Structures are given as C-alpha cells and as structure tokens.
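Peer 1: Here this note's numbering runs 229 ahead of the position in the sequence shown, where the first position is 1.
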Amino acid sequence: MLQSPDFDGQFDYAPYQEYAASGQRRYSNVMSGDWAYRKSYQTQITQDPSTHGAMLVPIIAGADKTTVSIATGQNDFHPLYMSIGNVHNNRFQKVIALYLRV
Numbered sequence: 230m231l232q233s234p235d236f237d238g239q240f241d242y243a244p245y246q247e248y249a250a251s252g253q254r255r256y257s258n259v260m261s262g263d264w265a266y267r268k269s270y271q272t273q274i275t276q277d278p279s280t281h282g283a284m285l286v287p288i289i290a291g292a293d294k295t296t297v298s299i300a301t302g303q304n305d306f307h308p309l310y311m312s313i314g315n316v317h318n319n320r321f322q323k324v325i326a327l328y329l330r331v
C-alpha cells in the first residue's frame, strides 16, 4: 500500500489535530480524531522506549447486507469491508475489485 501511487498523499503516518483559521477543530479522517490522537500521544505505550518509531494502524471493518436477484430468486450477501485507518476517507469510497467468497 505504501508504495502504490493510488495512495500517494492519501495516507497518514501519525495522528494529527487540524484547526481552521477560526481556531475550530476540524475532523476529516480517522487519524484526525481524538481516539487516534490519545492512543498515540497520551498512553503508557508512548513512555515505552521499545515502541518508539512504531506506527498506529487502526483496523476498520464494516458489513452490509445486500440482496441480489438474478433470475433464480433472491440471494442475500453480507460483504465484509476492511481497511486501515491510516488511509484517507476518500479512498474508502473507491470500489476495490477484490473479494473472498465465504
């Protein structure tokens, strides 16, 4: 993923806090949220020298039921979507042609 040009400029290596010119906090991606910031900067993990240089990689999973009818009746599918929280939200909206039928 890190070497793919599809993710160039669309990946956060560390949590961050972003503010508008008015001083109001802006939330745009997982890594701009309070949870990611607290996990990276306000936990005992940050005090442990063996974890210095490590990167927080939150796992995001979701599922959605969809009904497909192809001349034989209705079939229900429950696709599972997975990604990591370092990727910007606009990348989540892209359809990736990779699936595993279970």
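Ideal Cβ placement from N, Cα and C applies to all residues, glycine included. In this text, all values refer to a predicted model and were calculated from it rather than measured experimentally.
Please report the straight-line C-alpha distance between T280 and I299, rounded to a whole angstrom.
Peer 2: As a working note, residue 280 is residue 51 in the sequence shown. As a working note, residue 299 is residue 70 in the sequence shown. The straight-line gap from Cα to Cα measures roughly 52 angstroms.
Peer 1: Is P287 near the ligand ATP, in the sense that its beta carbon is under 7 angstroms from a heavy atom of that ligand?
Peer 2: As presented, the structure is devoid of all ligands, the ligand ATP included, so that no description of it is given.
Peer 1: In the DSSP assignment, find the unbroken alpha helix (DSSP H) run with S269 in it and report its ends.
Peer 2: If you number the sequence shown from 1, residue 269 lands on position 40. Here the alpha helix (DSSP H) through S269 covers 263-270.
Peer 1: When DSSP labels each residue in this structure, what does I289 get in the three-state scheme?
Peer 2: Locating residue 289 in the sequence shown gives position 60, where the first residue counts as 1. Residue state, collapsed to three classes: strand.
Peer 1: So what does Y310 bridge to, in DSSP terms?
Peer 2: The count along the sequence shown starts at 1 and reaches residue 310 at position 81. Its beta-bridge partners are G291.
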